[in-house]
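Structure first, then comments.
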Amino acid sequence: MEVGSTSSISGMSDLLVVNELKVWYPIRKLFSIVGYVKAVDGVSFTVREGEVVAIVGESGCGKTTLAKAVTGLVPITSGNIIFEGVDITRLPGRTIREWYSRKVGLIQQDPYGAMPPFMTIRAILGEPLKIHRIGREAYGKEVYTALTDVGLTPPEDYVNKYPHMLSGGQLQRVAIARALILRPKLVLADEPVSMLDASLRVEILSLINELRVKYGLAIIYITHDLATAKYFSDRIVVMYAGQLVEIGNAKDIIKKAMHPYTEALINVIPDPDPRNRLIIRKTLTGEPPNLVRPPPGCRLVPRCPYVMEKCRTVEPPMIKVNELRFVKCWLYGS
Amino acid sequence: MPSVLEVTNLKFFYRTIAGVVRAVDNVSFTVGEKETLALVGESGCGKTSLARALMRFLPRNVAELSGSIKVDGIEVLDMDDSEFDRKIRWRKITYVSQAALNSLNYVMKVVDHLIEPLVLHYGMRREVAVEKARDIIVKVGISEDFLYRYSFELSGGMKQRVVIALSLISNPRIVILDEPTSALDVMTQANIMNLLKELKEGLSVSYIFITHDIATSSELADKVAVMYAGQLVEYGPAEKVYVDPLHPYSKGLLSSIPRLRTDTSLTPIPGSAPSLINPPKGCRFRPRCPYVKPVCEEEPPHITLGSEGYVRCWLYGSR
Ligand SMILES: Nc1ncnc2c1ncn2[C@@H]1O[C@H](COP(=O)(O)OP(=O)(O)OP(=O)(O)O)[C@@H](O)[C@H]1O
Ligand SMILES: Nc1ncnc2c1ncn2[C@@H]1O[C@H](COP(=O)(O)OP(=O)(O)OP(=O)(O)O)[C@@H](O)[C@H]1O
Ligand SMILES: [Mg+2]
Ligand SMILES: [Mg+2]
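As you go down the protein sequences, you meet chains A and B in turn. Each residue of the first sequence is one higher than the one before, counting from 1 in this note's numbering. Each residue of the second sequence is one higher than the one before, counting from 1001 in this note's numbering.
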């Protein structure tokens, strides 16, 4: 097995290449910076055209920060984001920004918080069109098409409503419509269904998938739920404490987790089964590490059942298992 | 042996400007000693309302509360508020509300949260109550030192443990858990479910476990009640309902759940739940049901299954 970077699998069809990305939030006291929250700390992965990549991890591991960095909503500390071959971190000009913001859409984690409460659905969907100066005529048409696409029909019934008049599921459909209205190539969906009822989740995820096929989108699906990731993604990227710990084909990862953290994530997810009540699940106890001063070796050390001496002092590299599988753990390398 | 809780034909309606909301409409079930009943169903189907009726947490706009609720064989709907307060609420039945995580006063120490009900409602001496608090906090898996921490110093998982401790400190017969883990992370959720399993064994307590998440419900349930639009459409043992559900709605719920360990295909239930003000005549699931037939416009029959289970559906009735 060799030590490799995930970007070694990148080829011509890579839509997005994220390379050694760091996003550190400064902690300020009075007028000086006294430390950093290392929310994203050296993350590399790729997304191919039309592909669905799930980013899975516990609360606070940096998923939203990663999504915001990729969409340009938070400044990055170091590393590169390369989209369609253009390094958008190196070319911060206005034209690049404008070009990029049309190519990438974001469905935010909290649809209620993300929707301006005093704007009608028409205005909410029209805003990106207005910003990008898309003709007034198209404006109405595009809004109607967008609503029809997400199943809010007839659109006339919805255009004049305000967010509070819609149910959670309907509001999430509007959020999807908004993320797609500029016909992006890549959509980041940040926990698009975690606020919804279990019975609605599959419906909304299927809708996203239908639109992906219809418009040839690539999707980054952010979630803490491996079960939906299994169904709705081609590849899974597992994140822990600001770093990626395992990357692989969705089916392969679910069938045989390699990283102890991935293994634990799989162990704790129940399928509906009457025998569940008779077992005590193997879980990780304790909490993820502090992201201001993370431990020197592997970040899972305090919680890992397989910890070895080396793990405490030396950070494991991302080890290449094969062309598609990468794992950041000393169990798989010397 | 009488059941700990026996609910028969319970109705609980709200009055609103738009009309009467039939949130709990003719609901019957029982909960036995050390038994867990999972109450599952979509958002807005009336799960929390059912808990409110059992706890008698009544808003001003109650239009009707009727039927029978027996706790240890004693009818409680006949009791006046003060008797209910003295004998039942917090003594026999306790409630972990959906918003409990955020309801802890964050400038209060954990110990003060825990002893408050004992000192206030039971007139227990402070020292005795603190001993009880020490006892229970260890049982929910938190170290004693945390008794003197403030709630704002606790993580979400720890807060949920404190809330659970609070629901157990009065040695209740039955605890209603309303979405106790929905706001928590997957790992924390599993740790809390493990805790609830251990507590159930250790302290002979019964649970009503309310959730919209069928997979999580199977972590505790001995029996399952499937609620749809204010009514229980299917009720039976876990071995039956999770494996071989009968009602088309239960079938739909189970086939829309992504599973990690098997490759089943997913089929969401089409449409959305009806208004509880003007529910469809006859079977309320009729507009979304793949097996619908003309007779479904009439009130569905109540088909008894096994010793106490039932399904309400024309597929299994005569005609
Ligand atoms: N603006 C900010 N300033 C400082 N720290 C922040 C900021 N935003 C997030 N953080 C911290 O960065 C870390 C990662 O947060 P992030 O929201 O990216 O996690 P997440 O994986 O999306 O979590 P969740 O599953 O809860 O949404 C957390 O420790 C968080 O407290
Ligand atoms: N005080 C009230 N007055 C009028 N209607 C109410 C009141 N409280 C709840 N309702 C209505 O009663 C119905 C059932 O609500 P309830 O909160 O019991 O549902 P639930 O199953 O707990 O939903 P969730 O999963 O979202 O918590 C809903 O239609 C709700 O809008
Ligand atoms: Mg997030
Ligand atoms: Mg509720």
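Backbone N, C-alpha and C fix where the C-beta goes; we use that ideal spot for every residue, glycine too. For clarity, every value in this text was computed on a predicted model and none was experimentally measured.
Are there 16 or more other CB atoms within 10 angstroms of the CB of residue i, so buried, or fewer, so exposed?
{"i": "GLY85/A", "result": "exposed"}
{"i": "LYS256/A", "result": "exposed"}
{"i": "SER1143/B", "result": "exposed"}
{"i": "ARG1086/B", "result": "exposed"}
{"i": "SER1204/B", "result": "exposed"}
{"i": "ALA177/A", "result": "buried"}
{"i": "LYS1197/B", "result": "buried"}
{"i": "ARG1089/B", "result": "buried"}
{"i": "GLU203/A", "result": "buried"}
{"i": "ASN1061/B", "result": "exposed"}
Between the alpha carbons of residue i and residue j, how many angstroms are there, rounded?
{"i": "GLY1156/B", "j": "ARG1126/B", "result": "27 Å"}
{"i": "GLU309/A", "j": "TRP330/A", "result": "10 Å"}
{"i": "SER1068/B", "j": "ASP1078/B", "result": "9 Å"}
{"i": "GLU1033/B", "j": "TYR1207/B", "result": "9 Å"}
{"i": "GLU1201/B", "j": "TYR162/A", "result": "49 Å"}
{"i": "SER1217/B", "j": "ASN1102/B", "result": "22 Å"}
{"i": "GLY1309/B", "j": "VAL1224/B", "result": "9 Å"}
{"i": "GLU1348/B", "j": "THR1211/B", "result": "No answer is possible for residue 1348/B: the residues shown for chain B start at 1001 and end at 1319."}
{"i": "LEU1260/B", "j": "GLN1189/B", "result": "17 Å"}
{"i": "GLU156/A", "j": "THR145/A", "result": "11 Å"}
{"i": "VAL1175/B", "j": "PRO274/A", "result": "21 Å"}
{"i": "PRO75/A", "j": "THR1181/B", "result": "34 Å"}
{"i": "ALA1053/B", "j": "VAL1071/B", "result": "13 Å"}
{"i": "SER78/A", "j": "VAL23/A", "result": "7 Å"}
{"i": "LEU171/A", "j": "ASP190/A", "result": "15 Å"}
{"i": "GLY50/A", "j": "ALA1018/B", "result": "47 Å"}
{"i": "VAL34/A", "j": "ASP41/A", "result": "18 Å"}
{"i": "MET165/A", "j": "GLY333/A", "result": "55 Å"}
{"i": "THR153/A", "j": "VAL187/A", "result": "23 Å"}
{"i": "ILE107/A", "j": "LEU180/A", "result": "9 Å"}
{"i": "ILE341/A", "j": "ALA114/A", "result": "Not covered by the structure: residue 341/A. The range shown for chain A is 1 to 334."}
{"i": "THR357/A", "j": "LEU21/A", "result": "Here chain A has residues from 1 to 334 only, and residue 357/A is not among them."}
Output yes if chain B places a C-beta closer than 9 Å to the C-beta of residue i; else output no.
{"i": "SER32/A", "result": "no"}
{"i": "PRO295/A", "result": "no"}
{"i": "ASP271/A", "result": "yes"}
{"i": "GLY169/A", "result": "yes"}
{"i": "ASP149/A", "result": "no"}
{"i": "PRO274/A", "result": "yes"}
{"i": "VAL268/A", "result": "yes"}
Given residue i, which residues of its chain have a CB within under 7 Å of its CB, disregarding the five upstream and five downstream residues?
{"i": "PRO350/A", "result": "Given a span of 1 to 334 for chain A in the structure shown, any question on residue 350/A remains unanswerable."}
{"i": "GLU1299/B", "result": "GLY1282"}
{"i": "VAL1119/B", "result": "ARG1126 and ALA1129"}
{"i": "GLY297/A", "result": "CYS311, ARG312, THR313, VAL314 and GLU315"}
{"i": "VAL1111/B", "result": "VAL1130, ALA1133, LEU1147 and TYR1148"}
{"i": "ARG183/A", "result": "TYR215"}
{"i": "ASN1191/B", "result": "GLY1157"}
{"i": "LYS1251/B", "result": "PRO1245"}
{"i": "ALA1320/B", "result": "Because chain B in this structure spans residues 1001 to 1319, residue 1320/B falls outside the shown range and cannot be described."}
{"i": "VAL1031/B", "result": "SER1003, VAL1004, LEU1005, LEU1037, ILE1174, SER1206 and ILE1208"}
Please work out which residues of its chain come closer than 6 Å, Cβ to Cβ, to residue i, disregarding the five sequence neighbours upstream and downstream, and give them in chain order.
{"i": "PRO260/A", "result": "CYS304 and TYR306"}
{"i": "ARG212/A", "result": "ILE219"}
{"i": "SER1049/B", "result": "PHE1012, ALA1023 and VAL1024"}
{"i": "GLN1231/B", "result": "ASP1025"}
Quick check on residue i - is its C-beta less than 9 Å from some C-beta in chain A?
{"i": "GLU1234/B", "result": "no"}
{"i": "ASP1178/B", "result": "no"}
{"i": "MET1227/B", "result": "no"}
{"i": "ILE1017/B", "result": "no"}
{"i": "GLY1156/B", "result": "yes"}
{"i": "VAL1205/B", "result": "no"}
{"i": "LYS1132/B", "result": "no"}
{"i": "ASP1112/B", "result": "no"}
{"i": "ARG1161/B", "result": "no"}
{"i": "ASN1102/B", "result": "no"}
Spatial neighbours of residue i within its chain, please: CB distance less than 8 Å, with the 5 preceding and 5 following residues excluded, ordered by chain position.
{"i": "TYR1106/B", "result": "TYR1150, SER1151 and PHE1152"}
{"i": "ASN249/A", "result": "ASP234, ARG235, ILE236, LEU324 and ARG325"}
task: Would you list, in sequence order, the uninterrupted beta strand (DSSP E) runs of no fewer than 3 residues that lie entirely inside the stretch 1160-1210 of chain B?
output: 1174-1178
- prompt: Which residues are close to ligand 6, meaning CB closer than 7 Å to any heavy atom, in chain order?
  reply: Questions concerning ligand 6 fall outside what the structure shown contains, since the ligands it does hold are ligand 1, ligand 2, ligand 3 and ligand 4.
task: Return the chain-ordered ranges of every beta strand (DSSP E) run that is complete within the stretch 55-143 of chain A and spans a minimum of 3 residues.
output: 78-83 and 104-107
- request: Could you tell me which uninterrupted alpha helix (DSSP H) segments, each at least 4 residues in length, are contained entirely in the stretch 1214-1285 of chain B, listed from first to last along the chain?
  value: 1214-1217, 1238-1241 and 1248-1255
- prompt: Curious, which full-length beta strand (DSSP E) runs of at least 3 residues does the stretch 273-313 of chain A contain?
  reply: none
- prompt: For the stretch 207-235 of chain A, which segments carrying the beta strand (DSSP E) assignment without a break, of at least 3 residues, lie completely within its bounds, in sequence order?
  reply: 218-223
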